[in-house]
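Remarks on the structure that follows.
Number of protein chains: 2
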Amino acid sequence: MKDKAAGRLQSLREKMATDNIDLLVLGPDSHMRWLLGFAPHADERPCVLFVSAASSAFLMPGLNAEDVAAQTDITLHRWGDGDGPSEALKSALYSFGARSPARIAIDETLRADHALLVLEMLPGVDYCYASSVVGALRLKKDSDERHGLTASARVNDGAMQAAFVAVRPGTTEREIAAVVQGYYLDHGAKPGFDIIGSGPNGAYPHHASGNRTIQAGDAIVIDIGGIYQGYPSDMTRMAFVGEPPEDYRQVHAIVDDALQAALAAARPGVKAKTVDAAARRIIEASGYGEYFTTRTGHGLGLDIHEAPYLSPTSETILEPGMVFSIEPGIYMPDRYGVRLEEIVYLTETGPDIFSRLPRDVHQGKA
Amino acid sequence: MKDKAAGRLQSLREKMATDNIDLLVLGPDSHMRWLLGFAPHADERPCVLFVSAASSAFLMPGLNAEDVAAQTDITLHRWGDGDGPSEALKSALYSFGARSPARIAIDETLRADHALLVLEMLPGVDYCYASSVVGALRLKKDSDERHGLTASARVNDGAMQAAFVAVRPGTTEREIAAVVQGYYLDHGAKPGFDIIGSGPNGAYPHHASGNRTIQAGDAIVIDIGGIYQGYPSDMTRMAFVGEPPEDYRQVHAIVDDALQAALAAARPGVKAKTVDAAARRIIEASGYGEYFTTRTGHGLGLDIHEAPYLSPTSETILEPGMVFSIEPGIYMPDRYGVRLEEIVYLTETGPDIFSRLPRDVHQGKA
Chain L
409 MKDKAAGRLQ SLREKMATDN IDLLVLGPDS HMRWLLGFAP HADERPCVLF
459 VSAASSAFLM PGLNAEDVAA QTDITLHRWG DGDGPSEALK SALYSFGARS
509 PARIAIDETL RADHALLVLE MLPGVDYCYA SSVVGALRLK KDSDERHGLT
559 ASARVNDGAM QAAFVAVRPG TTEREIAAVV QGYYLDHGAK PGFDIIGSGP
609 NGAYPHHASG NRTIQAGDAI VIDIGGIYQG YPSDMTRMAF VGEPPEDYRQ
659 VHAIVDDALQ AALAAARPGV KAKTVDAAAR RIIEASGYGE YFTTRTGHGL
709 GLDIHEAPYL SPTSETILEP GMVFSIEPGI YMPDRYGVRL EEIVYLTETG
759 PDIFSRLPRD VHQGKA
Chain W
409 MKDKAAGRLQ SLREKMATDN IDLLVLGPDS HMRWLLGFAP HADERPCVLF
459 VSAASSAFLM PGLNAEDVAA QTDITLHRWG DGDGPSEALK SALYSFGARS
509 PARIAIDETL RADHALLVLE MLPGVDYCYA SSVVGALRLK KDSDERHGLT
559 ASARVNDGAM QAAFVAVRPG TTEREIAAVV QGYYLDHGAK PGFDIIGSGP
609 NGAYPHHASG NRTIQAGDAI VIDIGGIYQG YPSDMTRMAF VGEPPEDYRQ
659 VHAIVDDALQ AALAAARPGV KAKTVDAAAR RIIEASGYGE YFTTRTGHGL
709 GLDIHEAPYL SPTSETILEP GMVFSIEPGI YMPDRYGVRL EEIVYLTETG
759 PDIFSRLPRD VHQGKA
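First to last, the sequence lines map onto chains L and W. Mind the numbering: the first sequence is residues 409 to 774 in our numbering, read in order. Mind the numbering: the second sequence is residues 409 to 774 in our numbering, read in order.
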């Protein structure tokens with residue numbers, strides 16, 4: 409991992425030079441994990457990595473210091489619970505020399521209080537977000553990342569099949585979610601998230617799995633993901649309790665057509681918004697445009713949501729090595745929702761789908 | 409929940425008036441959950457609640473809007489993935505009238521990019537953190553919160569016993585963690601966190617459960633917590649594989665003495681730092697002062713770490729209804745760590761411990 413970290417650090421510094429960034433400011437989150445191969449425990453204690461062209465330093469809560477020192481040679485500016493972080497932060501910033509940075513890139517996921525603690529010590533500094541620097545480097549996945557995401561998707565395929573088995577009248581959304589979470593644990597993964605949206609709840613794209621009891625005639629959105637060896641998964645399939653009526657079958661087919669149109673549009677050199685438009689055109693042409701209320705997709709890497717985003721306005725040009733979701737949906741308030749979601753790795757010739765599961769509706773016993 | 413939300417909103421506005429706060433700015437996190445009884449799905453999309461003396465408004469990602477509208481009457485300023493949040497944010501801020509707020513309280517846990525999006529629209533505004541406003545109101549728990557935390561602690565007692573059973577030579581830390589997580593799921597809780605620190609790993613207070621294999625002669629820190637019906641739990645006990653040697657027994661006894669001294673010191677009207685000092689004095693007097701590298705405790709409520717913090721410098725005056733951890737430890741690099749942790753509810757007469765488990769070392773078969 410240290411070799412990989414050295415290579416990534418070099419790429420980062422080249423990018424910082426190109427973008428005129430004097431100092432990078434990262435919290436204990438995914439940007440840091442990508443760069444160093446680890447991130448210390450994150451809590452209310454400010455824990456911040458600073459990287460300049462020539463040097464790097466950590467503002468480090470004392471209780472994490474020994475653990476971190478075993479993993480990196482970066483200088484740690486330690487602070488204790490009794491003293492607070494101010495003096496250690498000053499010494500970390502001073503370690504970069506007397507000249508104040510003119511322009512910094514700050515981790516967009518940093519807690520507000522930690523970010524403002526740093527910004528207030530650098531009055532008048534110009535800032536941008538680390539997403540434009542580290543995030544840009546994270547866009548194209550290397551072979552380790554591709555393998556990690558593939559392995560995680562494989563576990564998720566199993567979790568989806570476990571969810572299908574659990575779908576039956578009388579079961580609650582939360583019980584199905586617990587089956588999925590148990591599957592992750594049994595297979596060496598950590599539960600990530602679960603959206604079990606049954607009946608009208610499926611019309612909420614971000615529904616929190618709740619106490620609603622599954623009934624005959626329910627369409628059920630099953631959008632689940634775990635974390636396997638550090639890599640997340642994310643996939644949506646549909647279940648139906650009993651024989652799906654014709655209107656459901658039509659909507660399901662439209663969403664799958666939209667997904668296939670987006671797959672066909674996703675090629676290196678194409679703008680992300682073009683892929684979004686390909687899916688949206690199908691749904692609009694079918695008369696359901698007003699019910700497709702989300703973007704078409706998001707990137708997936710160390711984060712379950714990261715660049716590239718496939719929205720109607722995204723100018724990002726797709727490149728081989730990018731990994732992203734394609735997940736059109738039709739969300740009809742008070743009725744039901746249909747979403748189908750694939751995660752793909754973009755090759756030179758087009759998208760390679762991680763999941764091996766078909767996108768047909770899973771028909772459960774009524 | 410709407411009645412409770414109305415009462416809490418009124419308390420909040422009284423506190424805002426006292427503190428001269430014109431506008432409160434909350435993200436979809438625990439402050440919001442405490443205030444409203446729910447928080448929308450949190451992701452990279454800005455989702456912010458604004459509360460003034462007379463009004464309130466939400467900046468709301470479109471895909472969460474229907475879900476939220478079903479739970480609250482607060483006006484939603486919606487934005488879509490294609491357009492971005494700027495216009496909706498302006499309309500939300502304008503809804504509070506032409507006068508700019510002079511002083512705001514901003515959620516310290518908000519993402520940096522979301523916080524700065526708001527702050528840049530309010531140039532020259534004076535800010536403090538929501539911890540001093542909402543956080544202050546959350547310090548004293550009501551009977552629902554006490555019951556919720558008690559029920560969560562009860563599940564955690566069972567999870568700890570499951571962990572004890574899993575401790576045996578040849579098992580990895582991560583396998584013990586998976587047993588604990590499985591216990592939570594089987595008992596209707598969600599996995600929260602796990603620190604299984606075996607042998608020298610126990611000397612890292614925030615060790616991430618890893619691949620180290622348990623060996624005869626290991627001391628093992630087991631610090632675990634789940635989330636049951638929205639309330640977290642948190643507890644640390646020690647296991648030992650085989651017969652603990654005399655030096656371990658002594659260190660364990662010192663930590664337990666420190667914990668008991670803190671329990672005895674924790675009374676309404678006492679400063680938090682006095683409780684910290686009571687524990688620290690015992691460990692220092694035993695010659696292990698340099699190895700007690702953390703504060704003595706933290707509050708627990710909707711968050712696993714919240715006020716009051718029991719540090720050497722905390723001037724917070726303890727009051728009946730507060731809930732906090734007491735968790736002294738001795739962390740000896742390259743050797744082992746011993747931490748014992750209770751969560752207590754402070755009554756008029758002193759602390760009431762949630763857990764029913766003894767703090768003796770659990771002796772596993774070698």
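Cβ coordinates follow ideal geometry from the N, Cα and C atoms, glycine included.
If you check the beta carbons only, do residue i and residue j fall under 8 Å apart?
i, j, result
"L/L748", "L/L557", "no"
"L/T644", "L/D631", "yes"
"L/A585", "L/S617", "yes"
"W/R519", "W/E714", "no"
"W/I751", "W/V769", "no"
"L/L443", "L/V542", "yes"
"L/A686", "L/L726", "no"
"W/P454", "W/L471", "no"
"W/A567", "W/Y592", "yes"
"L/D515", "L/A538", "yes"
Output the distance between the C-alpha atoms of residue i and residue j, rounded to the nearest integer angstrom.
i, j, result
"W/I622", "L/F762", "36 Å"
"W/H485", "W/L501", "10 Å"
"L/T704", "L/P736", "5 Å"
"L/D664", "L/N564", "20 Å"
"L/Q658", "L/R743", "15 Å"
"L/D411", "L/D711", "22 Å"
"L/T580", "L/K549", "38 Å"
"W/S560", "L/I512", "43 Å"
"W/D451", "L/H614", "10 Å"
"L/A413", "L/G445", "7 Å"
"W/I690", "L/I603", "49 Å"
"W/M424", "W/A461", "8 Å"
"W/L431", "W/L765", "45 Å"
"W/R767", "W/M646", "8 Å"
"L/A465", "L/F458", "5 Å"
"L/R688", "L/A670", "9 Å"
"W/N619", "W/N609", "11 Å"
"W/V533", "L/Q569", "53 Å"
"W/T426", "L/D594", "52 Å"
Within 10 angstroms of its Cβ, does residue i collect 16 or more other Cβ (buried), or is it exposed?
i, result
"L/K498", "exposed"
"W/A666", "buried"
"W/H555", "exposed"
"L/T701", "buried"
"W/V629", "buried"
"W/T724", "buried"
"W/K681", "buried"
"W/P531", "exposed"
"L/E698", "exposed"
"L/G633", "buried"
"W/G495", "Note that residue 495 of chain W is Glu in the sequence shown, not Gly. Exposed: under 16 other Cβ atoms inside 10 Å."
8 Å is my cut-off, CB to CB: does residue i come that close to chain L?
i, result
"W/G470", "yes"
"W/L593", "yes"
"W/E516", "yes"
"W/D665", "no"
"W/S719", "yes"
"W/Q589", "yes"
"W/G556", "no"
"W/G607", "no"
Using a Cβ-Cβ cut-off of 8 Å, state whether residue i counts as contacting chain W.
i, result
"L/R519", "yes"
"L/A586", "yes"
"L/H439", "no"
"L/T621", "no"
"L/A523", "yes"
"L/R703", "yes"
"L/H449", "yes"
"L/Y744", "no"
"L/H660", "no"
"L/G707", "no"
DSSP puts residue i in a beta bridge; with which residues?
i, result
"L/H770", "L/A647"
"L/S733", "L/I751"
Give the interface partners of residue i over in chain A, defined as CB-CB distance under 8 Å, in chain order.
i, result
"W/P736", "No chain A is present in this structure, whose protein chains are L and W."
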